[in-house]
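Structure first, then comments.
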Amino acid sequence: MHWIDWTIVWIPLIAVCYIGFKAEKYVQGVSDFMAAGRVAGRYVLAVATAEAGLGLISVVALFEMYYKSGYAIGFWHALATPVGLLMTLTGFAIYRFRETRAMTMAQFFEARYSKSFRIFAGILAYISGVVNYALFPAVGGRFLVYYCQLPDYVNCLGVPVSTYGLVMAMFLIVALIIVAIGGTVDLYRLFKRLKELHRNVLDDGRVVGHVNADDVALVEQVDHVTIQEAHEAERRLADALKKEAEHQHRKTH
Numbered sequence: 019m020h021w022i023d024w025t026i027v028w029i030p031l032i033a034v035c036y037i038g039f040k041a042e043k044y045v046q047g048v049s050d051f052m053a054a055g056r057v058a059g060r061y062v063l064a065v066a067t068a069e070a071g072l073g074l075i076s077v078v079a080l081f082e083m084y085y086k087s088g089y090a091i092g093f094w095h096a097l098a099t100p101v102g103l104l105m106t107l108t109g110f111a112i113y114r115f116r117e118t119r120a121m122t123m124a125q126f127f128e129a130r131y132s133k134s135f136r137i138f139a140g141i142l143a144y145i146s147g148v149v150n151y152a153l154f155p156a157v158g159g160r161f162l163v164y165y166c167q168l169p170d171y172v173n174c175l176g177v178p179v180s181t182y183g184l185v186m187a188m189f190l191i192v193a194l195i196i197v198a199i200g201g202t203v204d205l206y207r208l209f210k211r212l213k214e215l216h217r218n219v220l221d222d223g224r225v226v227g228h229v230n231a232d233d234v235a236l237v238e239q240v241d242h243v244t245i246q247e248a249h250e251a252e253r254r255l256a257d258a259l260k261k262e263a264e265h266q267h268r269k270t271h
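Sequential numbering of the sequence shown, starting at 19, is according to our numbering.
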């Protein structure tokens, strides 16, 4: 292989890992990890949605589809792209979902229906995700083996090992590293901050410690807390902060 071919393979991989490590310092909670801290604008969301839906398996599938059937087969798909982009930019139906502050569809289903339906939706999403994303490293690994003209097997301590399996394992390891950069840290920070929040805000609404606005988002990130309870906690926290501000105002005057 020419060095340009290896550059095409390694530069995107290094870039993704670098962005993952650099973005870790901005992850302070579960909402940051799953919902970009709820601060992403419509343009960022529109681009991120398109980027998240494009992968190596999509490129391979599109090339094969157009090569065998021509461009006419993708006519309606081409029309769906600007329509989806327009709906994302205008916030049609999406802004109502964001108002619920739900980070997953399962969490939204709990608020709309019941907790049992949330569990069912979560299990269904997990199973379908495992089946779906099992194809991604498989197709990507096969493409990389053929593109890089790698041998079918490599010798590891005298034992022939499938190159295809090694490439798939590399894809999965890189994905796990990127996820683990923020995932495990977020869980630790979440429960640590929740304990501080429970100590700082008493049942009578009196603030005895430092509480910031981001603490409200932490409440709704725990699985056993529903959206209604999170809003109730937000109201209590706002009342407590208001009482504390009035108390400080009376002390200064």
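Think of the CB as a built atom: it goes at the ideal place given N, C-alpha and C, for glycine as much as any other residue.
| query | result |
| --- | --- |
| Apply the 10 Å Cβ neighbour rule to Arg119 and answer buried if 16 or more other Cβ atoms are within range, or exposed otherwise. | buried |
| Would you tell me roughly how many angstroms separate the C-alpha atoms of Trp24 and Leu168, rounded to the nearest one? | 12 Å |
| Counting C-beta neighbours from all protein chains within 10 Å, is the total for Gly227 16 or more, i.e. buried, or is it exposed? | With a pLDDT of 44 at Gly227, under the threshold of 50, the modelled position of this residue cannot be trusted, and the question is left open. |
| Take the Cβ of Met105 as the centre, count every other Cβ of all protein chains shown within 10 Å, and call the residue buried at 16 or more, exposed below. | exposed |
| Nearest-angstrom Cα distance between Lys86 and Cys174? | 39 Å |
| Give the DSSP bridge partners of Val179, in chain order. | Val172 |
| Rounding to the nearest angstrom, what Cα-Cα distance links Tyr84 and Gly183 in this structure? | 29 Å |
| According to DSSP, is Arg119 helix, strand or coil? | coil |
| Does the distance from the C-beta atom of Ala139 to that of Ala124 stay below 8 Å? | yes |
| Classify Leu162 as buried or exposed, calling it buried when 16 or more other Cβ atoms lie within 10 Å of its own Cβ. | buried |
| Val78 to Ala258, Cα distance in whole Å? | 56 Å |
| Excluding five sequence neighbours on each side, which residues of the same chain lie with their C-beta closer than 8 Å to the C-beta of Val192? | Leu31, Val34 and Cys35 |
| Under 8 Å by Cβ, that's how I've got Phe154 and Gly73 pegged, so tell me the actual separation to the nearest angstrom. | 6 Å |
| Establish whether the CB of Glu128 and some CB of chain D are separated by less than 8 Å. | Note that chain D does not occur in the displayed structure, where there is just one protein chain. |
| How big is the Cα-Cα spacing for Cys166 and Thr99? | 32 Å |
| By DSSP, does Ser134 sit in helix, in strand, or in coil? | helix |
| Is it true that the CB of Val172 sits closer than 8 Å to the CB of Val179? | yes |
| Checking 8 Å against the spacing of the C-beta atoms, do Phe189 and Gly147 come in under that value? | no |
| Could you tell me the alpha carbon to alpha carbon distance between Lys261 and Ala187, rounded to whole angstroms? | 56 Å |
| In whole angstroms, give me the CA-to-CA distance for Ala143 and Asp170. | 34 Å |
| If distances are taken between C-alpha atoms only, which option among Ala156, Ser132, Glu42 and Ile26 comes closest to Ser76? | Ala156 |
| From Ile26, Ile29, Ile37 and Trp21, pick the residue whose C-alpha is nearest to that of Ile195; which is it? | Ile37 |
| Taking only three categories from DSSP, how would you classify His265? | helix |
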